[in-house]
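Engineer: Supplied in structure tokens, the structure appears directly below.
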Amino acid sequence: MSHRTRRAARRIILLATMAVGVAVPAIGTANPVSALIDNFSLKHPNMSALVIRLDASGPIPVAAVNATQSFVPASTMKIITSSAALLTVGPDFRFTTRVETGADITVTNGLLPGPAYLIGSGDPLLATRAFSRRHLKGNGTPLERLAANISKSGVRSIAGGIVVDESLFDTKRMGPQWKSDYVFECGPLSAVAINQGRAGNSEARNVASPAIAAGQRLVTALRRVGVTVYGSVRRGQDVPGGTTIGEVKSKPLSAILGFMNPSSNNFTAETLTKDVGAYGAGHGTTAAGTAHAEKVLKEHGALAPGDKLVDGSGLSHANRLSASTLTTMLGAATTNPEWGDALIQSLPRGGEGTLIHRLRDPTVRSRLRAKTGYINGVASLAGIVTSTSGARYAFAFLINHRDITSAQRTMDSAVRLLAKGAADSSPAVPAESL
Numbered sequence: 322m323s324h325r326t327r328r329a330a331r332r333i334i335l336l337a338t339m340a341v342g343v344a345v346p347a348i349g350t351a352n353p354v355s356a357l358i359d360n361f362s363l364k365h366p367n368m369s370a371l372v373i374r375l376d377a378s379g380p381i382p383v384a385a386v387n388a389t390q391s392f393v394p395a396s397t398m399k400i401i402t403s404s405a406a407l408l409t410v411g412p413d414f415r416f417t418t419r420v421e422t423g424a425d426i427t428v429t430n431g432l433l434p435g436p437a438y439l440i441g442s443g444d445p446l447l448a449t450r451a452f453s454r455r456h457l458k459g460n461g462t463p464l465e466r467l468a469a470n471i472s473k474s475g476v477r478s479i480a481g482g483i484v485v486d487e488s489l490f491d492t493k494r495m496g497p498q499w500k501s502d503y504v505f506e507c508g509p510l511s512a513v514a515i516n517q518g519r520a521g522n523s524e525a526r527n528v529a530s531p532a533i534a535a536g537q538r539l540v541t542a543l544r545r546v547g548v549t550v551y552g553s554v555r556r557g558q559d560v561p562g563g564t565t566i567g568e569v570k571s572k573p574l575s576a577i578l579g580f581m582n583p584s585s586n587n588f589t590a591e592t593l594t595k596d597v598g599a600y601g602a603g604h605g606t607t608a609a610g611t612a613h614a615e616k617v618l619k620e621h622g623a624l625a626p627g628d629k630l631v632d633g634s635g636l637s638h639a640n641r642l643s644a645s646t647l648t649t650m651l652g653a654a655t656t657n658p659e660w661g662d663a664l665i666q667s668l669p670r671g672g673e674g675t676l677i678h679r680l681r682d683p684t685v686r687s688r689l690r691a692k693t694g695y696i697n698g699v700a701s702l703a704g705i706v707t708s709t710s711g712a713r714y715a716f717a718f719l720i721n722h723r724d725i726t727s728a729q730r731t732m733d734s735a736v737r738l739l740a741k742g743a744a745d746s747s748p749a750v751p752a753e754s755l
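Shown next as structure tokens:
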């Protein structure tokens with residue numbers, strides 16, 4: 322992280338918590354955005370909200386309620402997961418799924434006299450083309466291409482079956498502290514899952530074993546390109562010293578996030594969390610991934626005292642984030658385009674993705690990039706919006722209340738006001754409001 326990033330991040334959190342060096346406006350001069358949020362909080366106190374104007378002279382908080390207090394974030398957690406992934410492997414990183422021979426085994430006259438090892442890299446979008454078209458908006462890493470590349474290498478038959486290596490990750494298939502019915506929200510996790518752990522080319526059912534299902538699908542794909550597999554499909558670990566006979570690379574991480582955030586895809590977020598653990602800390606577990614994400618937040622001066630990262634998708638009600646944490650990372654993204662552009666551009670505009678029915682006004686939608694969040698009793702929204710005069714804002718609203726409709730209406734109203742310039746000339750909010 323650059324010195325500029327550290328200075329910007331520290332300044333955002335400092336202004337958000339203390340409003341140091343900023344004149345306190347007189348009572349009754351609150352801007353419409355601040356007044357809206359303050360009034361809503363009177364009946365809905367379980368919330369954290371912060372709006373930062375990203376001025377050239379430095380970030381200025383223009384609306385705040387419990388800005389550094391931590392609440393359940395729902396899917397705005399994916400902003401943190403995205404940031405951690407980008408800062409761990411970079412926006413251009415591609416996952417490589419490969420197939421190898423055993424050690425010192427050679428292919429002779431098209432015959433591989435032993436098993437082929439399918440080695441998972443934690444690609445969250447490894448899929449059949451049919452599933453990719455139906456459910457991944459065409460962003461999947463084609464399993465069929467992997468099979469074709471094996472055929473192109475000269476392999477015509479495999480004598481020892483398929484050994485599937487998913488050891489990059491642990492074998493915990495769900496996120497921590499999830500409700501049992503979340504199996505419908507996220508397929509079983511694995512370093513080598515195909516079709517996001519779903520059976521067939523639909524999302525109707527989960528596979529019993531992601532690794533076995535992946536191996537079986539590879540056998541089918543190989544058969545279609547003229548490669549015959551003899552023997553069983555089984556789980557195991559790659560033997561060092563083998564030769565790669567085929568591989569397939571995913572789209573860049575930036576494109577993967579460009580799919581994940583608009584659709585709020587939970588499987589992708591949970592897989593990326595384990596990837597952050599695997600590639601950033603050497604352990605492909607959710608716990609290692611969230612711990613590494615917390616480290617990233619600390620390095621950016623963004624981690625609030627009450628923050629708690631439990632999973633990567635935000636499905637767990639045990640997660641906690643503050644509005645200041647989200648706005649700090651969003652603000653840092655605006656000053657660090659090498660990773661920040663990929664984060665901000667992955668967030669949907671108004672009328673797109675999970676915002677399909679919200680913030681569609683032409684004067685707002687093109688000025689907005691934001692991530693929604695919703696689980697029972699939680700509504701959230703965080704992102705970047707630019708006003709008609711060019712003022713740029715980072716904002717986050719985390720509202721923990723059963724009145725989801727009212728919460729969403731209030732958040733959307735605040736964003737509209739920001740887009741129309743209602744806070745462009747506002748001074749910093751009083752320190753006691755933060």
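Heads up: the sequence shown at position 137 corresponds to 458 in the numbering used here, and the numbers run straight through without jumps.
Don't be surprised by glycine CBs; every beta carbon is placed ideally from N, CA and C.
#1: Please identify the residue among 366, 557 and 612 whose C-alpha is closest to the C-alpha of residue 489.
#2: Output yes or no for whether 7 Å exceeds the beta carbon distance between residue 582 and residue 668.
#3: How about residue 532 and residue 526: do their beta carbons lie closer than 7 Å?
#4: Take the Cβ of residue 551 as the centre, count every other Cβ of all protein chains shown within 10 Å, and call the residue buried at 16 or more, exposed below.
#5: If contact is defined by three or more beta carbon pairs under 8 Å, each pair taking one atom from either stretch, is the stretch 351-358 in contact with the stretch 740-748?
#6: Looking at the secondary structure, which residues open and close the alpha helix (DSSP H) in which residue 737 lies?
#7: Rounded to whole angstroms, what is the Cα-Cα separation between residue 498 and residue 607?
#8: Put residue 650 into one of helix, strand or coil per three-state DSSP.
#9: Would you kindly check if the distance between the Cβ of residue 734 and the Cβ of residue 719 is under 7 Å?
#10: What residue does the alpha helix (DSSP H) around residue 407 start on, and which one ends it?
#11: Please go through the same chain and pick out, in chain order, the residues whose beta-carbon is closer than 6 Å to the beta-carbon of residue 470, but skip the five residues on each side of it.
#12: Let me know the beta strand (DSSP E) ranges lying completely inside the stretch 471-535, each 3 residues or longer, listed in chain order.
#13: State the start and end residues of the unbroken alpha helix (DSSP H) segment that holds residue 579.
#14: Please confirm whether residue 694 and residue 362 have their CB atoms less than 7 Å apart.
#15: Checking 7 Å against the spacing of the C-beta atoms, do residue 595 and residue 415 come in under that value?
#16: Under 8 Å, with one C-beta from each stretch per pair, do the stretch 392-412 and the stretch 623-642 reach the 3-pair mark?
#17: Going by DSSP in three states, residue 718 sits in which element: helix, strand or coil?
#18: Residue 690 bridges to which residues according to DSSP?
#19: Given a threshold of 16 other Cβ atoms within 10 Å of its Cβ, counted over all protein chains shown, does residue 575 qualify as buried or as exposed?
#20: Could you work out which residue in 517, 371 and 579 is closest to residue 736 when comparing CA atoms only?
#21: Please report the distance separating the alpha-carbon of residue 647 from that of residue 554.
#22: Do the stretch 373-388 and the stretch 671-680 meet, that is, are 3 or more Cβ pairs less than 8 Å apart?
#23: In terms of residues, what are the limits of the alpha helix (DSSP H) holding residue 611?
#24: Put residue 358 into one of helix, strand or coil per three-state DSSP.
#25: Taking the alpha carbon of residue 485 as the reference point, which residue from 440, 450 and 465 has its own alpha carbon closest?
#26: Output yes or no for whether 7 Å exceeds the beta carbon distance between residue 644 and residue 369.
Structural biologist: Well, looking at it:
#1: 557
#2: In this structure, residue 668 lies closer than 7 Å to residue 582 by Cβ.
#3: no
#4: exposed
#5: yes
#6: 725-740
#7: 12 Å
#8: helix
#9: no
#10: Element bounds for residue 407: 398-410.
#11: 567
#12: Assignment of beta strand (DSSP E) within the stretch 471-535, counting only whole runs of 3 or more residues, yields 483-486 in chain order.
#13: 574-584
#14: no
#15: no
#16: yes
#17: strand
#18: 705
#19: buried
#20: 371
#21: 44 Å
#22: no
#23: 607-620
#24: Helix, per DSSP.
#25: Selected option, being the one with the closest Cα: 440.
#26: yes
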